[in-house]
Amino acid sequence: MVTSTTRDTCPDLTFTKNVTQVSWENTGENLGSDRHILISSIEKTATKRKIRTNKITDWDSVRKDRSTEREPIRDIQEWTMQLILDVKMHRTGIGCTEDFPQVLNDYSICGMHAGA
961 MVTSTTRDTC PDLTFTKNVT QVSWENTGEN LGSDRHILIS SIEKTATKRK
1011 IRTNKITDWD SVRKDRSTER EPIRDIQEWT MQLILDVKMH RTGIGCTEDF
1061 PQVLNDYSIC GMHAGA
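Take the sequence shown: its position 113, counted from the start at 1, is 1073 in our numbering, and no numbers get skipped.
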C-alpha cells in the first residue's frame, strides 16, 4: 500500500512478461523533480531459438498447373482437397540456421535472396 510518507520510494508501475528475476532500486536522485530515478534490473537467461523448417510455395507453378481446363466444380470438398494437394506438390521445405532462423518478410530466404 502506498501512503504519502512512502510515495517517493515506490515505483509507479513496472510490467514484465516471461521473466523470472526482476528487481528495482531507488537511486535517491531526483534531479530537482518530485520523482526519484529508479533502476529496474531484469535478468535474462539465454534461450536457444527453435529452428524450424520453413515452407515456401511456388505460386506461379501452382497457377500454371491449375490453369489447364478442368471440369466444373461439382463437389466443393473434392475441389478443395485437390487444391490442397496441388499446393503441397509445389511446396518446398527450407531448413534455416541459428543465424537466419526464419523466412524474412521480403521473401529473402534464411538471409539469402531467393534468386541467389
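Quick reminder that beta carbons are idealized off the backbone N, C-alpha and C, glycines included.
Counting only residues of its own chain and dropping the five nearest sequence neighbours on each side, Thr1017 has a CB closer than 7 angstroms to the CB of Val1047, His1050, Arg1051. Straight-line measurement puts the Cα of Val982 at about 10 angstroms from the Cα of Phe975.
Asn986 is bridged by DSSP to Leu998. Minimum Cα-Cα distance from Gly988 among the listed residues Thr980, Lys1015, Leu998 corresponds to Leu998. Ranking Asn990, Gln1042, Trp1019 by CA distance to the CA of Arg1030 puts Gln1042 first. Annotation note: the segment 1006-1036 contains the following uninterrupted beta strand (DSSP E) runs of length 3 or greater, listed N- to C-terminal: 1013-1017. Straight through space, the alpha carbons of Leu1045 and Gln1037 are spaced by roughly 12 angstroms. Taking each of Thr1028, Arg1023, Ser1021, Trp984 in turn and checking the Cα distance to Ser1000, the smallest one comes out for Trp984. Ile1011 is a Cβ neighbour of Cys1056, given a cutoff of 8 angstroms.
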